[in-house]
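Undergrad: Take a look at the following structure, please.
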Amino acid sequence: MVERKKWSENFSEWFNEVIEEAGILDKRYPVKGMNVWLPYGLKIMKNIEKFIHEEMERTDHQEVLFPALIPETEFQKEAEHIAGFEGEVFWVTHAGHEPLDVRLVLRPTSETAMYSMFALWIRSHADLPFKVYQIVNVYRYETKHTRPLIRVREISRFFEAHTAHADFEDAERQIKEDLEIFDNLMKKLAIAYVISKRPEWDKFPGAYYSLGAEVVMPDGRTLQIGTMHNYKQNFAKAYNILYEKEDGTHDYVHQTTFGMSERLLAAVIAIHGDDRGMVLPPTIAPIQVVIVPIPKKGSEEEVYSYAREIEEELKLAGIRVHLDLRDKRPGWKFYDWELKGVPVRIEVGPRDAAEKTVVLARRDKLEKITVSREELVDKVRELFDDIMQYLYERAKEWLESHIKRVDTIEEAKELFNDRRGIVEIPWCGEEECGLKMEEELEAKMLGIPYPEESARVEGKKCPVCGREAKFIARFARTY
Ligand SMILES: Nc1ncnc2c1ncn2[C@@H]1O[C@H](COS(=O)(=O)NC(=O)[C@@H](N)CS)[C@@H](O)[C@H]1O
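As structure tokens, this is what we get:
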């Protein structure tokens, strides 16, 4: 039976324990908000990024790599962006003993690093759409409570795609493509999410509008695991990114960005986990099948050779398999691999060797099935598909049971006290009413459902001003 008691009742402690005991990160690094990636955690993150690179390839984004240091002169060019980030950046002011004549910023995100180069690279409509991305470390002086993977000061696996387009319509097409990319990625991680259009007062600094992707974490708070921004010509005007149109005239490009980070791994760990630890989707598990031999006295030889034969066949089938020969009791090994979230465990004892059977223990449902030796590879592959489907269904059910639509502030307050994730309330669309509701609910407005058509509501009143409500607004306590 899958227990998720500690997972839901004391999520923060559960999460920190799993991060440490499963070998994801070491938080003891002597800079607050900066952690060391350990081998197992980094392997999982790199497997996630493999899917990001695949999606970037599929959609003709070129990978680039920009310097991490940005001169203050470049950083200063877009007013809103500055206002949004100047309290959050790390400065480099000296080199050796000498003070620098121009201070440098450690990139918090790379708009102000990239866009003076875009101005050099983009000259004509033939250069558009221009699509680049990078996965780098960026630095933000987060003043809220830092947490491993969730809110760090060095975001060490920061994915940022930056694009330039001939006009607003093509930029909008890019946002739709970003949503498709994101959905493909979430299917690979078996994650269910919602997209909201951020309110005017909570857009990304310098954006025309921002979309946020949220999941509901085990404690009912939401985590923003991806954002897409349409910048219109805001940055192009600040960085003078002009292109020659087919009719020979010039215009500023329209731009978009799309960002994600190691929060994707935080979401996978949190949403699929249970009281025994992580449950990794086979798509990203560094070890998809672990073999634990269970020899009885006098049967060691045939059990180990049977285990090796199985390991060999799975390896040849392209499955990431590990044979655990450590000198530890099987029960100890079961506990360790369950904590690490290995999707399938194979137990082989003397009877299996004799009868040519294999026991498959699935990590998600904690159930076992016995299969015949010759159907092993097919059965393992079937099991992977079944696990992906089960994890996704469970994540979807969790999300849907944590989004509630109400009409009044009082009902919303009750739901928040019961840690119920996202609350949807009718809203007239005016900023002052939105801010008032944030204040009353002690929650953030995630925005309105996207696309906007799905956000419309009829015959409802704004609970603050009593006027006709135009939209449904989503509120949540967030990370
Ligand atoms: N302190 C942080 N720790 C971990 N992940 C973070 C942190 N801050 C932001 N992120 C993640 O990084 C993503 C992109 O960051 S962002 O500010 O929303 N957007 C940008 O920086 C845009 N330039 C797009 S790349 C967010 O959606 C969020 O998932």
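Following my numbering, the numbering of the sequence shown begins with 324 at its first residue and continues without gaps.
Every residue gets a Cβ at the ideal spot worked out from N, C-alpha and C, and that includes glycine.
As the structure is a prediction and not an experimental result, all values here were calculated from the model.
1. Following a CB-centred definition, is L348 positioned closer than 8 Å to any heavy atom of ligand 1?
2. Cβ of G582 versus every heavy atom of ligand 1: is any distance shorter than 8 Å?
3. For K298, report the span of its beta strand (DSSP E) as first-last.
4. Hey, is G549 close to ligand 1, as in C-beta under 8 Å from one of its heavy atoms?
5. Measuring straight from C-alpha to C-alpha, what distance separates A590 and E569?
6. On the DSSP bridge assignment, give the partners of D597 in chain order.
7. Going by DSSP in three states, H725 sits in which element: helix, strand or coil?
8. Name the DSSP beta bridge partners of P390, please?
9. Round the Cβ separation of L512 and I371 to the nearest angstrom and send it over; I've been treating them as touching at under 8 Å.
10. Any idea which residues DSSP pairs F482 with across the strands?
11. Report the rounded CA-to-CA distance for F481 versus H376, giving the unit in angstroms.
12. Bridge partners of R797, per DSSP?
13. On the criterion of 16 or more Cβ atoms from any shown chain inside 10 Å, does T545 qualify as buried, or is it exposed?
14. Going by DSSP, which residues form a beta bridge with L565?
15. Any idea which residues DSSP pairs D349 with across the strands?
16. Ignoring anything shorter than 4 residues, give me the alpha helix (DSSP H) runs that lie fully in the region 366 to 414, in order along the chain.
17. Expressed to the nearest angstrom, what Euclidean distance is found between the alpha-carbon atoms of K328 and F334?
18. Could you check whether the Cβ of A433 sits closer than 8 Å to any heavy atom belonging to ligand 1?
19. The alpha helix (DSSP H) that contains P653, what's its start and end?
20. Would you check whether ligand 1 has a heavy atom nearer than 8 Å to the C-beta of E465?
21. Could you give the first and the last residue of the continuous beta strand (DSSP E) run that contains V539?
22. Is K679 closer than 9 Å to R696 when the C-beta atoms are compared?
23. Assuming R496 is part of the alpha helix (DSSP H), what are its boundary residues?
24. From A484, N339, I669 and G543, pick the residue whose C-alpha is nearest to that of V613; which is it?
25. For A640, which three-state DSSP category applies?
26. With H, G and I counted as helix, E and B as strand and the rest as coil, what does DSSP make of A487?
27. Measuring from the CB of A484, is there a heavy atom of ligand 1 at a distance below 8 Å?
28. I'd like to confirm the pairing. Which residues does DSSP put opposite K620 in its beta bridges?
29. So, at 6 Å on beta carbons, what are the nonlocal neighbours of F798 in its own chain, with the 5 sequence-adjacent residues on each side left out?
30. Taking Cβ positions, are T432 and E483 nearer each other than 9 Å?
31. For a test of your reading of the model: does the CB of M776 fall under 8 Å from any non-hydrogen atom of ligand 1? Yes or no.
32. So the beta strand (DSSP E) A515 belongs to, where does it begin and stop?
33. So does R476 have its beta carbon nearer than 8 Å to some heavy atom of ligand 1?
34. Between the region 421 to 428 and the region 385 to 403, can you find at least three pairs of beta-carbon atoms closer than 8 Å?
TA: Quick answer:
1. What you label residue 348 is simply residue 25 of the sequence shown in a count that begins at 1. L348 Cβ: outside cutoff for every heavy atom of ligand 1.
2. Locating residue 582 in the sequence shown gives position 259, where the first residue counts as 1. Indeed, a heavy atom of ligand 1 lies less than 8 Å from the Cβ.
3. With the chain represented from 324 up to 802, any question about residue 298 goes unanswered, as that position is not in the structure.
4. As a working mapping, residue 549 is identified with position 226 in the sequence shown. The answer is yes for G549.
5. Here residue 590 is taken as the residue at index 267 of the sequence shown, counted from 1. Here residue 569 is taken as the residue at index 246 of the sequence shown, counted from 1. C-alpha separation (whole angstroms): 45 Å.
6. As a working note, residue 597 is residue 274 in the sequence shown. Answer is G600, bridged to D597.
7. Taking the first residue of the sequence shown as 1, we reach residue 725 at position 402. Coil, per DSSP.
8. What you label residue 390 is simply residue 67 of the sequence shown in a count that begins at 1. P390 is not bridged to any residue.
9. Locating residue 512 in the sequence shown gives position 189, where the first residue counts as 1. Locating residue 371 in the sequence shown gives position 48, where the first residue counts as 1. Their Cβ separation, rounded to whole angstroms, is 7 Å, which keeps L512 and I371 in contact under 8 Å.
10. Taking the first residue of the sequence shown as 1, we reach residue 482 at position 159. DSSP, once it has assigned bridges, lists I458 and M583 as partnering F482.
11. For the purposes of this step, residue 481 is identified with residue 158 of the sequence shown, where counting begins at 1. For the purposes of this step, residue 376 is identified with residue 53 of the sequence shown, where counting begins at 1. Between F481 and H376, the C-alpha separation is close to 13 Å.
12. Position 474 of the sequence shown holds residue 797. Note: R797 sits in a beta bridge opposite E747 and G770.
13. Start at 1 with the first residue of the sequence shown, and residue 545 comes out as number 222. Buried is the call here.
14. Position 242 of the sequence shown, counted from the start, is the residue given in the question as residue 565. DSSP lists Y575 as partners of L565.
15. On the sequence shown, position 26 is the one that residue 349 refers to. Bridge partners of D349: V359.
16. 395 to 398 and 402 to 408
17. For the purposes of this step, residue 328 is identified with residue 5 of the sequence shown, where counting begins at 1. For the purposes of this step, residue 334 is identified with residue 11 of the sequence shown, where counting begins at 1. Distance between the alpha carbons of K328 and F334 is about 9 Å.
18. On the sequence shown, residue 433 is found 110 positions in, with the first residue counted as 1. According to the sequence displayed, residue 433 carries Ser and not Ala. Checking the Cβ of S433 against ligand 1 gives yes.
19. Position 330 of the sequence shown, counting from 1, holds the residue named residue 653. Where P653 is concerned, the enclosing alpha helix (DSSP H) stretches over P653 to L662.
20. Translated into the one-based positions of the sequence shown, residue 465 becomes position 142. E465: yes, Cβ under 8 Å from ligand 1.
21. Position 216 of the sequence shown holds residue 539. Where V539 is concerned, the enclosing beta strand (DSSP E) stretches over Y532 to V539.
22. Residue numbering aside, residue 696 sits at position 373 when the sequence shown is read from its first letter. Residue numbering aside, residue 679 sits at position 356 when the sequence shown is read from its first letter. Closer than 9 Å, so yes.
23. As a first step, residue 496 must be located in the sequence shown, where it is residue number 173. Residues F491 to L512.
24. Taking the first residue of the sequence shown as 1, we reach residue 613 at position 290. Among A484, N339, I669 and G543, the Cα nearest to that of V613 is on I669.
25. Within the sequence shown, numbered from 1, the residue matching residue 640 stands at position 317. If DSSP states are grouped into helix, strand and coil, A640 belongs with coil.
26. What you label residue 487 is simply residue 164 of the sequence shown in a count that begins at 1. Looking at A487 - three-state DSSP - the assignment turns out to be strand.
27. Along the sequence shown, read from residue 1 onward, the residue named residue 484 stands at position 161. For ligand 1, at least one heavy atom lies less than 8 Å from the Cβ of A484.
28. Here residue 620 corresponds to residue number 297 of the sequence shown, with the count starting at 1. Paired residue(s): none; K620 is not in a bridge.
29. Taking the first residue of the sequence shown as position 1, residue 798 is located at position 475. Only V746, L764, A766 and M768 meet the Cβ criterion.
30. Within the sequence shown, the letter at position 109 stands for residue 432. Within the sequence shown, the letter at position 160 stands for residue 483. Yes, the pair counts as a contact, with Cβ atoms nearer than the cut-off.
31. The sequence position of residue 776 within the sequence shown is 453, counting from 1. Reading the sequence as shown, one finds Glu at residue 776 and not Met. E776: no, Cβ never under 8 Å from ligand 1.
32. Taking the sequence shown and counting its residues from 1, the one referred to as residue 515 is at position 192. From DSSP, A515 is part of no beta strand (DSSP E); its letter is neither H nor E.
33. As a working mapping, residue 476 is identified with position 153 in the sequence shown. Indeed, a heavy atom of ligand 1 lies less than 8 Å from the Cβ.
34. yes
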